[in-house]
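See below for the structure under consideration.
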Amino acid sequence: MPWLEIGSDGERGYLRVGPAIIPTTGVLGLAGGEERAFPPLVTIPSGYNLAAARQWHFFFAWLLVVPGLLFWLWGFVSRHVQRDLAPTAEELRPRSLWQDVKDHARLRFHTGEAARRYNVLQKLSYVGVIFGLLPLMVLTGLTMSPGIDAAWPWLLDLFGGRQSARSIHFICAALIAGFIIVHLAMVLLAGLLNELRSIITGWYRLPRERDQ
Amino acid sequence: MTLLTRRRLIGSLGAGAGGLLLSGCDRIAASPKVQDVLELGEGLTMRTQRLIIDRGALAREFAASDISPVFRTNGNTMPASEAYQAHAANRFADWRLEVDGLVRRPQKLSLAQIRAMPARTQITRHDCVEGWSAIGKWTGLPLKLALDAAGVLPSARYVVFHCADDFDGDPYYESIDLIDAYHPQTILAWGMNDQLLSIGHGAPLRLRVERQLGYKQAKYVMRVEAVDSLAGIGAGKGGYWEDSADYQWFAAI
Chain A
2 MPWLEIGSDG ERGYLRVGPA IIPTTGVLGL AGGEERAFPP LVTIPSGYNL AAARQWHFFF
62 AWLLVVPGLL FWLWGFVSRH VQRDLAPTAE ELRPRSLWQD VKDHARLRFH TGEAARRYNV
122 LQKLSYVGVI FGLLPLMVLT GLTMSPGIDA AWPWLLDLFG GRQSARSIHF ICAALIAGFI
182 IVHLAMVLLA GLLNELRSII TGWYRLPRER DQ
Chain B
-19 MTLLTRRRLI GSLGAGAGGL LLSGCDRIAA SPKVQDVLEL GEGLTMRTQR LIIDRGALAR
41 EFAASDISPV FRTNGNTMPA SEAYQAHAAN RFADWRLEVD GLVRRPQKLS LAQIRAMPAR
101 TQITRHDCVE GWSAIGKWTG LPLKLALDAA GVLPSARYVV FHCADDFDGD PYYESIDLID
161 AYHPQTILAW GMNDQLLSIG HGAPLRLRVE RQLGYKQAKY VMRVEAVDSL AGIGAGKGGY
221 WEDSADYQWF AAI
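In order, the protein sequence lines correspond to chains A and B. Sequential numbering from 2 applies to the first sequence in the numbering used here. Sequential numbering from -19 applies to the second sequence in the numbering used here.
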């Protein structure tokens, strides 16, 4: 038996991790009297409509893949990836990692010149999403396509078949959603206006040094 | 979830029962301009897939040990028509498959004739649009042989499969282009898992077009028609689900 199963008994959905079975139908709220895994507020379309859902899904899949590849290309050519995103050997030492974990736990944000650079947990999560979760998401998505499987059967071997790819696809989706929540929370905590302005324009006001 | 409940859900949404719940996104999605933009993605997907998937690339074939212990039946499991039921009671002895449309020599083939023709057996994965898959062993007549027997005219562009089953009186049908029609794994299956095809799975003949989703695998195929356009058939979108619920005609993803 696989260690993970995202399934349905025909009526109700469930998530099984090892021996633990977690029901998923109706967990996140009722959908107008109809029990679903996700309430209509967070799904497009709001109702059960496979054709419309697929149309939205694949349209935005293109908007992920094409600009995503351009972002990769530009990131390496401009050296943004090597310069800003790649953690240094110094940063990856257990001591500095642990220091950064403690700083995050206390919500002590870097000040002065150090605030201009990404901290190591930030770098690891960005690299993890950009070069880990997102390509994994796209490849497992393609593995669910019977057409692509005919062209690239190695995808099936890589992910252990269509249903395993589907489970990994869902795990990636959950992790990306988790990343977005934490990322937005950090933007809020670090100073919403300053962060948004720097994300869009690059103009970043250095936070004041903390009084010791 | 069965196709019938899905249809009921779509129907209830259309009737406005779900109208109160419609989110802003649904209103945006209902606009024809937004539909046009979203459909760009579909066209791009189809062109890209046709570009990267070799015409003859085969769907993976599995070992006998991979066959799913339970292969669920989906959609209709017993056509309602009296004519079909009479054929089924008679084990399809007097039944004939019609191959016609844009062909030189329209055919009427009995099941015995079809089984006497060269057959292909393949153990493949069936992928439902709902997300599940199942592996089964299919034996049947390569569609190419049926088409060659009839002599398809150069003007033909699609092959339409007319079926015996219906949903509320709307007959099931499906269509594929000639790339898929002449693909070596595209067969009219009369056998499944070393048995004669059961009625639940589409007896006497079920289309297998292995590089597309389950709703393209038409059951209860009565007639194969070569056409130059899908416009005159059903509501013109190339299939029952395409017409009734806007399913994508090109279902390779």
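Ideal Cβ placement from N, Cα and C applies to all residues, glycine included.
Report the CB separation of residue i from residue j in whole angstroms; it is logged as a contact under 8 Å.
i        : j        : result
A/PHE180 : A/VAL130 : 5 Å
B/VAL201 : B/LEU210 : Not confirmed; about 17 Å, so no contact.
B/ALA39  : B/THR119 : The pair is not a contact, with the Cβ atoms about 16 Å apart (cut-off 8 Å).
B/LEU158 : B/LEU123 : Wrong, their Cβ atoms sit about 10 Å apart, outside the cutoff.
B/PRO151 : B/PHE72  : 19 Å between Cβ atoms; not a contact.
B/ALA317 : B/VAL204 : Residue 317 of chain B lies beyond the stretch modelled for chain B, which goes from -19 to 233, so this question has no answer here.
B/ALA206 : B/VAL83  : 5 Å
B/VAL14  : B/ILE8   : 6 Å
Return the first residue and the last residue of the alpha helix (DSSP H) that residue i is part of.
i        : result
B/CYS108 : From DSSP, B/CYS108 is part of no alpha helix (DSSP H); its letter is neither H nor E.
B/ASP157 : Run containing B/ASP157: none in the alpha helix (DSSP H); it sits in the beta strand (DSSP E), 150 to 157.
B/GLN87  : Per DSSP, B/GLN87 belongs to no alpha helix (DSSP H); it is in the beta strand (DSSP E), 87 to 90.
B/GLY21  : 12 to 32
A/PRO136 : 135 to 144
A/ASP158 : 155 to 160
A/LYS103 : 95 to 106
A/ILE22  : No alpha helix (DSSP H) contains A/ILE22, which is instead part of the beta strand (DSSP E) from 21 to 24.
A/TYR127 : 121 to 129
A/VAL188 : 163 to 202
Applying a beta-carbon distance threshold of less than 7 Å, which residues of chain A neighbour residue i?
i        : result
B/ILE32  : ALA152
B/ARG191 : PRO147, GLY148 and ALA151
B/LEU24  : TRP63
For residue i, go through chain A and note every residue whose CB falls closer than 8 Å to its CB, in chain order.
i        : result
B/SER113 : ARG163 and GLN164
B/GLU78  : Result: empty, since nearest Cβ-Cβ is about 28 Å, beyond 8 Å.
CA-CA distance, residue i and residue j?
i        : j        : result
B/VAL50  : A/ALA52  : 26 Å
B/GLU19  : B/ALA10  : 13 Å
A/ALA87  : A/LEU156 : 28 Å
A/ARG84  : A/LEU65  : 24 Å
A/PRO41  : A/HIS58  : 16 Å
B/VAL189 : A/GLY192 : 56 Å
A/ALA54  : B/GLN228 : 11 Å
A/PHE171 : A/LEU185 : 21 Å
A/CYS173 : A/GLN164 : 14 Å
A/LEU176 : A/LEU134 : 8 Å
A/LEU194 : A/VAL188 : 9 Å
A/TRP73  : A/VAL139 : 14 Å
B/GLY218 : B/VAL140 : 8 Å
A/GLY14  : B/LEU177 : 31 Å
Could you work out which residues of chain A lie near residue i, taking near to mean beta carbons separated by less than 9 Å?
i        : result
B/ASP226 : ASN50, ALA52, ALA53 and GLN56
B/ALA9   : ILE45, PRO46, ALA53, GLN56 and TRP57
Apply the 10 Å Cβ neighbour rule to residue i and answer buried if 16 or more other Cβ atoms are within range, or exposed otherwise.
i          : result
A/PHE61    : exposed
B/ARG(-12) : For B/ARG(-12), the predicted model reports a pLDDT of 48, less than 50, meaning its position is unreliable; a value from the coordinates is still stated below. When all chains shown are included, B/ARG(-12) counts as exposed.
B/VAL79    : buried
B/TRP221   : buried
A/TRP4     : exposed
B/ILE33    : buried
A/PRO147   : buried
A/ALA214   : The requested residue 214 of chain A is not part of the displayed model; chain A covers only 2 to 213.
A/MET2     : exposed
What is the residue span of the beta strand (DSSP E) that residue i lies within?
i        : result
B/LEU80  : Reading the sequence as shown, one finds Asp at residue 80 of chain B and not Leu. Residues 76 to 81.
A/MET2   : Taken as a continuous stretch (DSSP letters only), A/MET2 belongs to no beta strand (DSSP E), as it is neither H nor E.
B/ALA169 : 167 to 172
B/PHE141 : 138 to 147
B/ALA206 : 201 to 207
B/LYS117 : 113 to 122
A/LEU65  : Here A/LEU65 belongs to no beta strand (DSSP E); instead the alpha helix (DSSP H) covers 51 to 78.
Chain B partners of residue i, CB-CB under 7 Å?
i        : result
A/SER97  : Simply none; closest approach about 44 Å.
A/ARG167 : GLY111
A/LEU157 : ARG40
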